[in-house]
Each structure stands twice: as structure tokens, then as C-alpha cells.
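Here the protein sequences come in this chain order: A and B. Just so we're aligned, residue 1 is where the first sequence starts under my numbering, counting upward by one. Just so we're aligned, residue 1001 is where the second sequence starts under my numbering, counting upward by one. Ideal Cβ positions, reconstructed from N, Cα and C, are used throughout, including at glycine. Note that the structure is a prediction, hence the values are computed from the model and not measured.
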Amino acid sequence: MAQVPVVEDILELSDEPHLVGSRCRSCGTHVFPRQDGCPRCTATDMERVALARRGTLWTWTVQGFAPKAPPYLGDTEHFEPFGVGYVELPHELKVEARLTEADPERLHVGMEMELVLVPLSTDDDGNEIVTFGFQPVEEERSS
Amino acid sequence: MAWNRVAVVGAGLIKFGELFEQSYEQMAADAFSAATDNVDLGFEPAQVEAAIVATQRGTLWGQEGIGGNTIPSAIGLSGIPCTRVENACPSGSDAFRIGAMAVASGVHDVVLVIGVEKMRDKSTEEGLLSRAASGHPIFTRGETAPVLFAPFATRHMHDFGTTREMLASVAVKNHHNGALDPYAHFQNEITIEDVINSVPVCHPLHLLDCCPQTDGAAAAILVSAERAEQFTDKPVYVAGFGVATDHPYLHEKTSYNSLKATQMAAERAYEMAGIEPSQVDMAEVHDCFTITEILDIEDLGFVDKGKGGVASLDGETSLTGRIPINTSGGLLAKGHPIGATGVAQLTECWWQLRGEAEARQVEMRNGYALQHNVGGRGSGVSVVNILTNQKP
Ligand SMILES: [Zn+2]
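Have a look at this one:
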């Protein structure tokens, strides 16, 4: 079964997956998702860059009920609450992402997080649709 | 130097709630009648020179494109200039601001501002929460309104020690006020335990931390200050206003314990009115969630940053507190029919400034009331209006 990203060109799928962003060659501003113009200086010379895979958690919540589908592409019948967080990638930017952890007792502001792929659903051709998420680095070490 | 070129001579609203039996146009017409009935010395509808209508989203009741022309027809004023304003949750407050500018410019002497919104006609699947957030890659997994505000609560608790009880105290206070407001959607008292034990929505917010989906309409009549006394012996004046924008996505924020748009809009409104936050006697602020009111009262300058939770729990924002907030019940209890919300908040300020808020009346020492909304993507739009009963 092949994996496909939930949206084209936001995610490189590999053993070390990373987000795809843009960096402004004029002022150095990073943007995610990619865009052709710089939101800070309006320059149009933007290069495609792989964003850092690790960052720190600025704040978070837990989506406790199934979002309405559409636009939600996940499984609403067997919904499990999922974490949502804002992770700062050092010297780049903050990204909003799913968190692999949904237990409020195990999430705290400032913890180190690492990018992982999160299965979302299966498309009509049998491909696994994946989105991105962040997991606590401690969790990864202990498992 | 107060601005005070525009007076509010009438304001009113319809009972908020589930209004399946009323059409959009009927709701607007009833709000218009409520406002004209409240003009002390009488008001002929034909005196309206132009209207501004605030409706955030026609799709909520099955209309894709709605302009400004359906409302004049519904109130017997077909032919007058009428423009529809949409600016997210502050749509109603921004319509009011634009109406005030139309009068201040001298182009019109009498302008009607109507906010009207039907939120309940469509099923939840077709409603606001599901339609609010498609398009952006990050949102593809389904963004919901509480997931945009809950992270502010998490961070506020982390940074300032704000507690679950402090959040809940906002809902308890606003339901208490709503129980005294005949126009409120909900008119029942609740306890801190009720809030904490309600269904978890987005950590740390529970169901009673969230405003309901409500239908409603409200209207205000603005006239040039020189003509105010033709209509009333107790005019209320527009002292100032401010609007500000901020980044549309939360990942672009530099702070998760404040809303920059609110801070900037407030700064502009205070400067225009020539007053300090301490001179405001009461305020109607945007409490779509309990945490939002805590952010608001800090960002509007009523309490120090980080003290909003403690102030709420200690009763500083109650009807008899130092700075009464959301005397009408707020969005949490009165409801949040988006286009109508700001105009209804302004109506509450108008009553408070005229001493007509009945059981909800608070002490008006300085004669200033403030109204605030914040919303849109990333809470990136805010409008603040300041009203006064002080003559120019
Ligand atoms: Zn740039």
C-alpha cells in the first residue's frame, strides 16, 4: 500500500520525513506551507526548503470531538481525540500540527517534539493518506 | 479631545434564540421596529437616509450571495442606499463603525445599522463549524472554533497560573447576567461545577466554556450630533472606535496569551475617545469562549496581563464589581448570531449609559461604555467602539 500526503507538496515522505516550506532569499523569512511571495518583504524570490524535524511545543490542546466531514478527511466513526499543537522549529517558524499524544497529563509547554507521519484514512485506490504530526521526543526514546 | 460627532438615538434587538419560524428579513424588520420604538421623541422610518447591514454568512440559511438590497425592501425603505458588511465576528461592530463614519462625513444625517444572522436553519454538518475552515492545507483535517482558542487557555494557564475554576467563573458570571436579560438565549444560572463537569470539547475547554449557536438581530439608529436632540433628551455619542488586523493563522503568532488585534484596536479607540481604560464604566466584550473574555479584559487594559483569571474569579467583572463585563450575558449566555452580536452589545451599552438596563444596571461613574469583538482566521480582526453619555 502506497502512502500519499494529505495535501500535495507540504510533506516529503521518507524514513526521516520533513515538512516542505519556503525561505525568502531577500530577508530569510520561512513560510509553511510553501508560497511564492514573501509575507514579510513581498519579494518573490522564494526557495524551496526542508524544514527542521525537531522543535519545541509553544502551546497545545486536544481535539476532543470529531470535526465535521468534509472538510475533515479522517475517520469520524471511530474517532479518537488527538492533540493539536504549535511547534517552533528553531530559527525557522512555528507550525500547527497534530500531536501523537492526546493525554493532557503528558503534554507541557516547552517540551521537545519530533516530526512523524500520521495515518489519516485510505483513498479509493487503496493508498494510505498520511498527514504530519509531532511526537514528544521522550516518548520516542522510551518506546 | 472626544470625537463625539455622531449620536445613537435608538437601539434595540429581538429575543435571541432558535428562530426557525422567522425569516432573515422578518428578524431584521423586528429589530428595526425595536430600535425605532426606543427613540424617545418618535422616529419615522422614512427619516432613514442609508443603511448598513451586517450578516456574516448567508450560506448558514441557504443563501450564497446576499447584498444589501433585501433589508430595505423588508422594512418599507426600498430605494435607500444599503451596503452589506462582512468582517468575521466583528461584522456588526464594524457595520456600526462604518455607519458612524458615514454620518461623520456629512454625507448622511441619519443612518440605520442592522445586524442579523440566522445560525440554526442548516444542519450542523452544513453549518458554521464545518464550513469555516476548508481550503488551507493545515486545515484539511478539520479545524474547529474551540481548537483555535483552547491553545490560548493552555498557554495562559502555563504562563500565569490561571486555573480551570477561573475559566469557569466567566461562564457562571455571564449566565447570571443572562438570566437577568430578557433578550438572552440562555436564562439559567450555572455553577463552576456545572462548567467543569460538562463535556470536554478541546482541552482545557468544556461545553459550557463555549458560546451556543444562536439566531438574532439588532439595530441602531445613528444621527449627526447636532440633530440628536430632535430625537431624544438622552443622546448617547460615539466617542471613538478602532479596528486592527493580525496574522490569519495561529502558527504566525508571537504570543499565545494575548490577542494583538484587540490590543491595537483598543489603543486606537482610546486615543480617539481621549480616555484611559480606567475611565470605562462597563464593557461588552467578545466571550466566544471563557478564555476569550480573560484575554479581552487584559488586552483592553481593564486588568494587568495575566490577572484576568483572578479578576474574574474574585468578582471584579460582576455587575457590582470594579469593571462590570458582559452585563447582557455575553456571547456565552445571550448568544452569538454573528452579524447581530456587535450591534446587540452596543444596544446593551446604550441602555447602560441611559440608566435603562433594569436589573442589570451598573454604576456609570464616568459615562463611558466599551464594546469589543475579535474573530476571523487566527482571531486576526478586532473592532472596538466606545460610547459615552457625555455631551460633546
Ligand atoms: Zn522576505
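- In chain order, T59, W60, T61, Y86 make up the part of chain A whose C-beta sits under 7 Å from the C-beta of B/P1151.
- Cα atoms of B/Q1371 and A/E114: separation of roughly 43 Å, rounded to the nearest angstrom.
- Ordered by chain, the residues meeting the criterion of a beta-carbon within less than 5 Å of a non-hydrogen atom of ligand 1 are A/C24, A/S26, A/C27, A/T29, A/C38, A/R40, A/C41, A/A43.
- By the neighbour-count criterion, in which 16 or more other beta carbons inside 10 Å mark a residue as buried, B/K1118 falls on the buried side.
- An exposed status is given to B/S1105, since fewer than 16 other beta-carbon atoms sit within 10 Å of its beta-carbon.
- Taking the CA atoms as reference points, A/H18 sits about 48 Å from B/A1217.
- In this structure, the CA atom of B/A1102 is about 17 Å from the CA atom of B/V1384.
- Among the residues of chain A, those whose CB is under 8 Å from the CB of B/T1154 are T59, W60, T61, V109, following chain order.
- Within the stretch 1189-1208 of chain B, the residues whose Cβ lies closer than 7 Å to some Cβ of chain A are P1200, V1201, C1202, H1203, listed in chain order.
- Contact between the stretch 1263-1276 of chain B and the stretch 1334-1354 of chain B is absent, with fewer than three C-beta pairs closer than 8 Å.
- Taking 8 Å as the cut-off, the Cβ atoms of B/S1318 and B/I1294 do not count as close.
- In the structure shown, A/E8 adopts coil according to DSSP, grouped into three states.
- In the displayed model, A/V130 falls within a strand according to three-state DSSP.
- About 7 Å separates the CB atoms of B/D1287 and B/C1211; that is less than 8 Å, so the two are in contact.
- B/S1379 sits in a helix when the DSSP states are folded into three classes.
- Burial is judged here by how many other beta carbons sit within 10 angstroms of a residue's own beta carbon; B/E1021 has fewer than 16 and is exposed.
- If the five residues before and after B/V1243 are omitted, its C-beta is found closer than 6 Å to the C-beta atoms of A1265, V1383, all from its own chain and listed in chain order.
- By the C-beta criterion, the stretch 124-135 of chain A is judged not to be in contact with the stretch 1020-1038 of chain B, since fewer than 3 inter-stretch pairs fall below 8 Å.
- Rounded to the nearest whole angstrom, the CA to CA distance from B/T1059 to A/P39 is 31 Å.
- Inclusion of B/F1231 and B/F1096 in the CB contact set at 8 Å is not warranted, their separation being larger than that value.
- Contacts with chain A at 8 Å (Cβ-Cβ) do not include B/V1170.
- Across the set B/K1173, B/P1151, B/R1057, the C-alpha of B/R1057 shows the shortest separation from the C-alpha of B/I1066.
- At a cut-off of 8 Å between beta carbons, B/V1236 makes no contact with chain A.
- For a Cβ distance threshold of 7 Å, residue set Y86, E96 of chain A lies close to B/L1250, ordered along the chain.
- Think of a sphere of 9 Å around the beta carbon of B/H1176: no beta carbon from chain A falls inside it, the nearest being about 27 Å out.
- Between B/G1017 and B/H1176 the beta-carbon gap is near 19 Å, outside 8 Å, which marks them as no contact.
- Per DSSP, the continuous alpha helix (DSSP H) segment holding B/A1104 begins and ends at 1091-1104.
- Legend: CB atoms of the stretch 6-36 of chain A lying less than 7 Å from CB atoms of chain B belong to residues V6, V7, I10, P33.
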